[in-house]
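Under our numbering, think of the first position of the sequence shown as 103, with each following residue one higher.
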Amino acid sequence: MTDREVIGPGGRVGILGGGQLGRMMAVAAAELGLSTVILCPDPASPAFAVAADKVVADYADETALAAFAEQVDVITYEFENIPAATVEFLAERRPVFPPAKPLSITQDRLIEKRMLTTHGIAVAPFAPVDSAEQLGDALARIGRPAILKARRFGYDGKGQAVIRGSIDPATAWQELGGVPAILEGYVAFHTEVSVIVARDRDGEVAAYAVTENRHENGVLAESTVPAAIPADLAEEATAVAADIAAVIGHVGVMAVEMFVVGEGGRALLVNEIAPRVHNSGHWTMDACVCSQFEQHIRAICGWPLGSTARHADATMVNLLGTAVEDWQRYAADPAARVHIYGKAEARPGRKMGHVTRLTPLQAAARPAGSADEYGQAELASDTAQAESEAEQAH
Ligand SMILES: Nc1ncnc2c1ncn2[C@@H]1O[C@H](COP(=O)(O)OP(=O)(O)O)[C@@H](O)[C@H]1O
Ligand SMILES: [Mg+2]
103 MTDREVIGPG GRVGILGGGQ LGRMMAVAAA ELGLSTVILC PDPASPAFAV
153 AADKVVADYA DETALAAFAE QVDVITYEFE NIPAATVEFL AERRPVFPPA
203 KPLSITQDRL IEKRMLTTHG IAVAPFAPVD SAEQLGDALA RIGRPAILKA
253 RRFGYDGKGQ AVIRGSIDPA TAWQELGGVP AILEGYVAFH TEVSVIVARD
303 RDGEVAAYAV TENRHENGVL AESTVPAAIP ADLAEEATAV AADIAAVIGH
353 VGVMAVEMFV VGEGGRALLV NEIAPRVHNS GHWTMDACVC SQFEQHIRAI
403 CGWPLGSTAR HADATMVNLL GTAVEDWQRY AADPAARVHI YGKAEARPGR
453 KMGHVTRLTP LQAAARPAGS ADEYGQAELA SDTAQAESEA EQAH
C-alpha cells in the first residue's frame with residue numbers, strides 16, 4: 103500500500119484516539135462502506151461502540167501499534183498530541199495522514215506561531231518563555247493582561263493562565279508548572295471565528311463557511327454559521343486557512359481559529375491551528391452536503407473531496423457535563439439534531455454531546471467558497487513551494 107493508492111469501499115481506516123471525534127469519523131467512514139479500527143488506551147472510549155475493531159493499548163506500545171497497522175490500509179488520528187515516535191513507527195508500515203510535518207508544527211504553540219509569522223500571517227504578540235526570569239522580560243515587552251500558555255498538550259483552555267494586575271512572574275510561572283511556554287498578548291477581540299478546511303493528497307483544497315465561535319472558560323460553547331462578519335473578511339479568513347493547509351503540507355481536515363480585531367472588526371489574527379476535525383465544524387454534519395468527518399475520510403483515502411455547500415444556517419451548542427440531561431427537550435425540537443457521544447460519566451465541563459439547530463439559509467449570506475450549487479468550493483491551487491514542502495513531509 104503506497105500513499106497514493108485509493109482506498110475504496112471495503113477498505114479499513116485506523117484511527118488513533120477513541121473520543122467523540124474518532125467516533126464521528128468512524129460513523130462517516132461506515133457510511134462510505136469503509137470500516138474502522140480504533141486504537142486508544144482508555145477501555146471506555148466512546149468510539150469503540152461504532153468501530154469494527156478496537157485495540158486498547160498505549161500509544162507507545164510498539165507490539166500493539168504493529169498489530170494495529172497490520173489490520174488497516176491507512177491511519178489517521180483524532181487529536182494532535184500523538185507522540186512523534188508513534189507516527190514515525192506507524193508511517194513505516196502504513197500511510198499516515200495528516201503526515202508528520204503538520205503534526206509536529208501544530209503540536210507546539212511556539213513552532214506554530216513562528217511558522218505563521220514566517221509566512222506573513224498576523225498573530226498576537228508572543229514570546230517564548232522557559233523561566234520565571236524570561237517571563238518577567240516578556241511581560242515587560244508585551245504588557246498586561248497577557249496569557250501564558252504551555253507550548254504543548256493544551257486543549258479547551260487547559261495549560262493556560264491569564265496574567266493580569268500585579269501577579270508576579272515567579273508565581274505565574276510556578277502555577278503553570280514551569281513547563282516550556284509562550285506568553286501571548288491578551289487580544290481584545292470583537293469575536294472569534296474559525297475556518298474548517300480540507301486538503302486532499304493532490305493539494306486540492308475545499309473550505310466550509312466561516313463559523314463564529316463563543317468560548318466560555320476556554321471551552322467552545324456555541325458555534326454559529328454564517329459568521330456575522332463582512333464578506334471580504336470571510337474571504338480573507340478562508341484564503342488564510344487554505345494557505346496554511348498548503349504551507350504545512352496538510353492532508354485531511356483541519357481548523358484554523360482566528361480573532362476578529364481592529365476598528366469595526368475588519369482584521370484577523372490567527373490564534374491556533376488544529377490538524378484534525380474540529381468541534382467548531384460539527385454543524386457541517388447537519389447543514390452541509392458532505393460533513394467535515396466524511397470530508398476527512400475522503401481526503402485521506404484518496405476520494406474526490408465532497409461538496410462543502412451549506413443547505414441551512416446553523417447554531418451548534420455543546421452539551422457540557424450535566425447539560426446532556428436536557429436531551430429530551432432538544433429531541434422535541436423539530437429544528438434540532440441531537441448528537442450524544444455515549445460517555446458514561448457526565449463530569450463537569452466534559453463534552454457529552456452537541457445539538458445543531460438549523461434555520462433556513464439566508465441567501466444574502468452565501469458563504470465564501472460555495473459559489474456553485476452543490477459544487478465543490480475550489481479555493482486555491484497549490485504553489486510549487488507548498489507541494490515540495492508536502493513532499494518532504496512524507
Ligand atoms: N491571546 C489571547 N487573547 C484573548 N483570548 C485568548 C487568547 N488566547 C486564547 N484566548 C481564549 O482562550 C480560548 C482557548 O485558547 P486557545 O489558544 O485556542 O487554546 P486551546 O483551544 O488549545 O485550549 C480561545 O478560543 C480564546 O477564547
Ligand atoms: Mg483553541
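For every residue, glycine included, the Cβ atom is placed at its ideal position computed from N, Cα and C.
- The Cβ atoms of glycine 423 and alanine 448 lie closer than 8 Å to each other.
- Every alpha helix (DSSP H) stretch that sits fully inside the stretch 324-357 and reaches 4 residues is listed by chain position as 333-349.
- Taking a cut-off of 8 Å on C-beta distances, the stretch 261-271 does not touch the stretch 191-199, as fewer than three cross pairs fall below it.
- Contact annotation: glutamine 262 and isoleucine 249 have beta-carbon atoms nearer than 8 Å.
- Around the beta carbon of valine 108, fewer than 16 other beta carbons lie within 10 angstroms, which makes this residue exposed.
- For glycine 320, the CB falls within less than 7 Å of some heavy atom of ligand 1.
- For asparagine 373, the CB falls within less than 7 Å of some heavy atom of ligand 2.
- Taking a contact as a CB-CB distance under 8 Å, the pair glutamine 122 and tyrosine 443 counts as one, their CB atoms being some 4 Å apart.
- In the assembly as shown, glycine 364 is an exposed residue. Its beta-carbon has fewer than 16 other beta-carbons within 10 Å.
- Measuring C-alpha to C-alpha distances from threonine 293 to each of Ala169, Gly305, Glu314 identifies Glu314 as the nearest.
- Here threonine 386 is buried. Its C-beta has 16 or more other C-beta atoms within 10 Å.
- Considering only Leu371, Asp155, Asp105, Ala357, the residue with the shortest C-alpha distance to proline 204 is Ala357.
- Aspartate 210 has its Cβ no nearer than 7 Å to any heavy atom of ligand 1.
- Per DSSP, glutamine 262 is not a residue of any alpha helix (DSSP H); the beta strand (DSSP E) it occupies stretches across 262-265.
- If you look at proline 462, you'll find it in the beta strand (DSSP E) that goes 453-462.
- Counting only residues of its own chain and dropping the five nearest sequence neighbours on each side, proline 282 has a CB closer than 8 Å to the CB of Leu212, Pro230, Val231, Asp232, Ala252, Arg253, Arg254.
- Excluding sequence positions up to five before and after alanine 224, its CB lies within less than 6 Å of the CB of Leu371, all in the same chain and listed in chain order.
- Assignment of arginine 431 by DSSP, reduced to helix, strand and coil, places it in the helix class.
- At a Cβ-Cβ threshold of 8 Å, valine 299 and valine 312 do not count as neighbours.
- Judged by the Cβ position, glutamate 359 qualifies as a neighbour of ligand 2 at the 7 Å threshold, a heavy atom of the ligand being closer than this.
- According to the DSSP assignment, arginine 316 belongs to the beta strand (DSSP E) that extends over 313-318.
- Leucine 285 and phenylalanine 199 do not touch by the CB rule: their CB atoms are close to 33 Å apart, not below 8 Å.
- Taking C-beta atoms as the reference points, alanine 202 and aspartate 302 fail to come closer than 8 Å.
- Excluding its 5 nearest sequence neighbours in each direction, glutamate 182 has C-beta neighbours in its own chain below 8 Å: Leu205, Thr208, Gln209, Ala376, Pro377, Arg378, listed in chain order.
- Nearest neighbour of methionine 360 by Cα position, chosen from Ile350, His352, His317, Ser393, turns out to be His317.
- Judged by their CB atoms, valine 426 and glycine 455 are nearer to each other than the 8 Å cut-off.
- About 5 Å separates the Cβ atoms of valine 355 and glutamine 394, confirming a contact at the 8 Å cut-off.
- Annotation for arginine 114: no alpha helix (DSSP H) segment contains it, though the beta strand (DSSP E) segment containing it runs 114-118.
- Taking a 10 Å sphere around the C-beta of lysine 156, we find 16 or more other C-beta atoms and assign the residue as buried.
- Distance from the CA atom of arginine 125 to the CA atom of valine 327, rounded to whole angstroms, is 23 Å.
- For alanine 416, the closest alpha carbon among the candidates Pro462, Val362, Gly256, Gly366 is that of Pro462.
- The straight-line gap separating the alpha-carbon atoms of proline 436 and histidine 384 is approximately 18 Å.
- Here aspartate 175 is buried: its Cβ has 16 or more other Cβ atoms, across all protein chains shown, within 10 Å.
- Residue pairing for aspartate 155: DSSP places it in a beta bridge opposite Val139.
- Excluding the 5 residues flanking it on each side, phenylalanine 291 has same chain C-beta neighbours closer than 7 Å at Phe361, Val362, Val363, in chain order.
- One alpha carbon belongs to aspartate 105, the other to cysteine 403, and they sit about 9 Å apart.
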